[in-house]
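Chemist: For the sequence shown, our numbering begins at 6 and goes up steadily by one.
From the three backbone atoms N, C-alpha and C, an ideal C-beta is built for every residue, glycine too.
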Amino acid sequence: MAITADIPVFGLTATGAYLRVSDILIKKNDADGTFYMTYGVYCYISEDERNKDNPQKLQSREVDRFKVSDLATPPSDPYAVAYADLKTQPSVSNAVDV
């Protein structure tokens, strides 16, 4: 799974950047019994760059780590939840599944 989207990079816009979800962590909130999930995002200039032996990542502070809160149960497909959440982030626009 991956998406292409427009993202901010050092005050400019990377158009059609290739984004992959990584580093998913699911934890239970002991205070109220709900679950939350955090995930990281790897950003590349393109899918071709991602597929290179030593790919160079784009650095975007606005598209780095996100948190999904107040989950009643742990998600059965955390990647699907993460990608759905990523597409709704204000720093990610024109997102398309690839």
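Which first and last residues belong to the alpha helix (DSSP H) in which Asp90 is found?
Modeler: Taking the first residue of the sequence shown as 1, we reach residue 90 at position 85. Taken as a continuous stretch (DSSP letters only), the alpha helix (DSSP H) holding Asp90 covers 83 to 93.
Chemist: Do you know offhand how far Ala100's Cα is from Gly21's?
Modeler: On the sequence shown, position 95 is the one that residue 100 refers to. On the sequence shown, position 16 is the one that residue 21 refers to. Between Ala100 and Gly21, the C-alpha separation is close to 8 Å.
Chemist: I believe Asp82 touches Gly45 by the beta-carbon criterion, under 8 Å. Please report the beta-carbon distance rounded to the nearest angstrom.
Modeler: As a working mapping, residue 82 is identified with position 77 in the sequence shown. As a working mapping, residue 45 is identified with position 40 in the sequence shown. Going by Cβ atoms, the distance from Asp82 to Gly45 rounds to 17 Å, so no, they are not a contact pair.
Chemist: Between the stretch 53 to 69 and the stretch 28 to 42, do at least 3 Cβ pairs fall closer than 8 Å?
Modeler: Flag = no, the stretch 53 to 69 and the stretch 28 to 42 do not touch.
Chemist: Please list the terminal residues of the continuous alpha helix (DSSP H) segment that includes Asp53.
Modeler: The sequence position of residue 53 within the sequence shown is 48, counting from 1. Unbroken alpha helix (DSSP H) run through Asp53: 52 to 55.
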